[in-house]
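Student:
Number of protein chains: 2
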Amino acid sequence: MSNSGESKLTKRLAPVAKCDCGMALASELLLEKWTMLIIREAFYGVKRFDDIREDIGIPRSVLTARLKHLVENQILEKKQYQVEGARARPGYVLTAKGRELSLTIFALMQWGDKHLKDGQPAIALNHRDTGVPLKVALVEANTNDVDLAEIDLTVL
Amino acid sequence: MSNSGESKLTKRLAPVAKCDCGMALASELLLEKWTMLIIREAFYGVKRFDDIREDIGIPRSVLTARLKHLVENQILEKKQYQVEGARARPGYVLTAKGRELSLTIFALMQWGDKHLKDGQPAIALNHRDTGVPLKVALVEANTNDVDLAEIDLTVL
DNA sequence: TTTGCTAAGTATGATTTTCGAACTCACACA
DNA sequence: TGTGTGAGTTCGAAAATCATACTTAGCAAA
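Protein chains in written order, with my numbering: chain A, 24 to 179; chain B, 24 to 179.
1. Given a cut-off of 8 angstroms on the beta-carbon distance, is the pair V162 of chain B and D168 of chain A in contact?
2. Name, please, each residue of chain B whose Cβ falls closer than 7 angstroms to the Cβ of D43 of chain A.
3. On the DSSP letters alone, give me the boundaries of the alpha helix (DSSP H) that D74 of chain B sits inside.
4. Counting only beta-carbon separations shorter than 8 angstroms, does I62 of chain B have a partner in chain A?
5. Tell me the rounded alpha-carbon separation between Q97 of chain A and T58 of chain A.
6. Contact criterion: CB-CB distance below 8 angstroms. Does K140 of chain B meet it with respect to chain A?
7. Note the first and the last residue of the continuous alpha helix (DSSP H) segment covering L157 of chain B.
8. Within 8 angstroms of any Cβ in chain B, is that where the Cβ of G114 of chain A sits?
9. Among A:S50, A:E173 and A:H138, whose alpha-carbon lies nearest the alpha-carbon of L48 of chain B?
10. Look up Q133 of chain B in the DSSP assignment and say whether it is helix, strand or coil.
11. Below 7 angstroms CB to CB, which residues in the same chain sit around V69 of chain A once its five sequence neighbours on both sides are set aside?
12. Please return the same chain residues whose Cβ sits closer than 6 angstroms to the Cβ of N26 of chain B, not counting the five positions on each side in sequence.
13. Distance cutoff 8 angstroms, beta carbons only. Does C126 of chain A sit that close to anything in chain B?
14. Please list, in chain order, all residues of the same chain as L86 of chain A whose beta carbon is under 6 angstroms from its beta carbon, the five residues on each side excluded.
15. Quick one: what's T177 of chain B bridged to in DSSP?
16. Alpha carbons only, please: which of A:G108, A:C44, A:L99 and A:A147 is nearest the one belonging to G45 of chain B?
17. Across which residues does DSSP place V85 of chain B in a beta bridge pair?
18. Under 8 angstroms, do V159 of chain A and A119 of chain A count as touching if we go by C-beta distance?
19. For F66 of chain A and L99 of chain A, which I take to be in contact (beta-carbon distance under 8 angstroms), what is that distance rounded to the nearest angstrom?
20. Taking the C-alpha atoms as reference points, what is the distance between L179 of chain B and P144 of chain B?
21. Distance check for I128 of chain A and G80 of chain B, CA to CA, integer angstroms please.
22. If you compare alpha carbons, which of B:H150, B:T166, B:N165 and B:A164 is closest to L176 of chain B?
23. Around the C-beta of G142 of chain B, are 16 or more other C-beta atoms found within 10 angstroms, so that it is buried, or is it exposed?
24. Should P82 of chain B be flagged as near chain A, meaning a C-beta pair shorter than 8 angstroms?
25. Is the CB-CB distance between K101 of chain B and P82 of chain B below 8 angstroms?
26. Measure from the alpha carbon of L90 of chain A to the alpha carbon of each residue in A:Y115, A:L126, A:T166 and A:Q105, then state which is nearest.
27. Less than 8 angstroms between the CB atoms is what I'm expecting for L124 of chain A and I62 of chain A, so what's the real figure, rounded?
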């Protein structure tokens with residue numbers, strides 16, 4: 024991923040500009056302020072309204088609106104959950120559609136860690152069984168990739 | 024990437040929540056309305072103010088603000104450019120830092136195409152030389168990935 | 001040297017969103 | 001009956017967005 028200035032890419036692409044490659048739609052749905060952070064929370068397994076709110080510092084009313092929007096669009100699912108000995112509470116968990124945003128999220132983390140901090144990642148992604156470190160990358164389509172369920176996340 | 028409901032992941036992660044993995048920073052910088060679409064335009068090689076504006080439909084004053092912000096943060100670089108027989112104009116092009124957002128962008132496209140449209144991608148990514156189709160994926164860190172300069176984008 | 005054209009911005013006032021603080025409501029437990 | 005907790009709702013002030021109109025700079029033909 025090192026390509027200085029004018030690549031063949033840049034030259035050939037101008038006509039592509041207006042084509043809607045699904046990204047404009049995704050952008051409308053996902054790239055409002057707070058939304059990606061909410062989804063990241065869901066990734067981390069944070070389910071509860073007040074926990075999400077405290078973790079990311081979003082105002083209540085905005086969180087309410089965002090959650091509603093994400094549920095309507097099947098990124099999150101609202102389901103009651105029960106912690107031992109506490110009463111049932113509404114919780115928000117990722118749907119399959121939502122879980123597939125992991126790539127986008129990890130790509131964003133990877134970039135942010137590299138360019139917006141010291142360069143050191145704050146979270147390590149490893150294969151759960153083998154321990155091999157993982158990364159998001161552009162590869163040939165038939166390369167076999169790691170399933171979300173096989174990831175081990177560690178805070179550094 | 025198929026993992027239904029409660030994975031080990033979800034259970035182990037709760038404590039990670041507040042840790043700042045660079046994504047919060049990235050989110051602040053990149054996930055304002057319009058910003059990713061502007062970067063996508065830059066990817067496509069669209070350099071000019073009015074072209075960007077028309078392609079994505081952003082108001083002038085907002086585009087001015089976003090470009091300024093992106094230049095200040097070294098995602099874009101403002102440089103004059105000259106088309107044969109026309110006069111020099113300011114143009115906006117990606118820096119190396121900006122170019123590395125390609126993964127995030129492609130991941131977003133991939134997701135959007137799959138879930139927000141018919142499922143058909145609107146743009147194909149292929150290796151420039153071999154023609155092999157490409158994808159964004161989570162892989163072992165030592166897997167060798169495809170350089171941006173070796174990509175061939177085709178509108179379908 | 002004036003007039004006209006093109007493209008990159010600025011300015012501005014109306015509209016929409018966000019923000020934060022206070023309030024409500026349902027439920028459990030004592 | 002009262003107290004606490006957690007998930008929202010309400011609401012007015014502040015900030016951001018939007019559309020439209022205006023300005024500015026460079027060049028070229030008249």
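Glycine included, every Cβ here is placed at the ideal spot set by N, Cα and C.
Tutor: Looking at the coordinates:
1. Annotated as proximal: V162 of chain B and D168 of chain A, with beta-carbon spacing under 8 angstroms.
2. Residues of chain B passing the Cβ test: A145.
3. Start and end: F72 to I79.
4. Closer than 8 angstroms: no.
5. Distance between the alpha carbons of Q97 of chain A and T58 of chain A: 14 angstroms.
6. At a cut-off of 8 angstroms, the C-beta of K140 of chain B has a neighbouring C-beta in chain A.
7. Looking at the DSSP string, L157 of chain B is not in any alpha helix (DSSP H); the run it does join, the beta strand (DSSP E), is L157 to E163.
8. Chain B contact via Cβ: absent.
9. For the residues A:S50, A:E173 and A:H138, the minimum Cα distance to L48 of chain B belongs to A:H138.
10. The answer is helix: DSSP assigns Q133 of chain B an H, G or I state.
11. Only I75 and D78 meet the Cβ criterion.
12. Low local confidence applies: a pLDDT of 35 at N26 of chain B is under 50, so the model's placement there is unreliable, with the coordinate-based value given in what follows. Result list for N26 of chain B: empty, nothing under 6 angstroms.
13. For the record, residue 126 of chain A in the displayed sequence is Leu; it is not Cys. Interface flag for L126 of chain A against chain B is set, since a Cβ pair is found closer than 8 angstroms.
14. Cβ within range, chain order: R76.
15. Its beta-bridge partners are B:A147.
16. Checked all of A:G108, A:C44, A:L99 and A:A147; the closest Cα to G45 of chain B is A:A147.
17. Under the DSSP definition of a beta bridge, V85 of chain B lacks any partner.
18. With a cutoff of 8 angstroms on beta-carbon distance, V159 of chain A and A119 of chain A are scored as not near each other.
19. Actually they do not touch by this definition, with Cβ atoms about 11 angstroms apart.
20. When rounded, the distance between both Cα atoms is 8 angstroms.
21. Rounded to the nearest angstrom, the two C-alpha atoms are 26 angstroms apart.
22. For L176 of chain B, the closest alpha carbon among the candidates B:H150, B:T166, B:N165 and B:A164 is that of B:H150.
23. Label assigned to G142 of chain B: exposed.
24. Not one chain A Cβ lies under 8 angstroms of P82 of chain B.
25. The answer is no: Cβ separation not under 8 angstroms.
26. If we check each option's Cα against that of L90 of chain A, A:Y115 comes out closest.
27. The distance from the Cβ of L124 of chain A to that of I62 of chain A is about 6 angstroms, consistent with a contact at the 8 angstroms cut-off.
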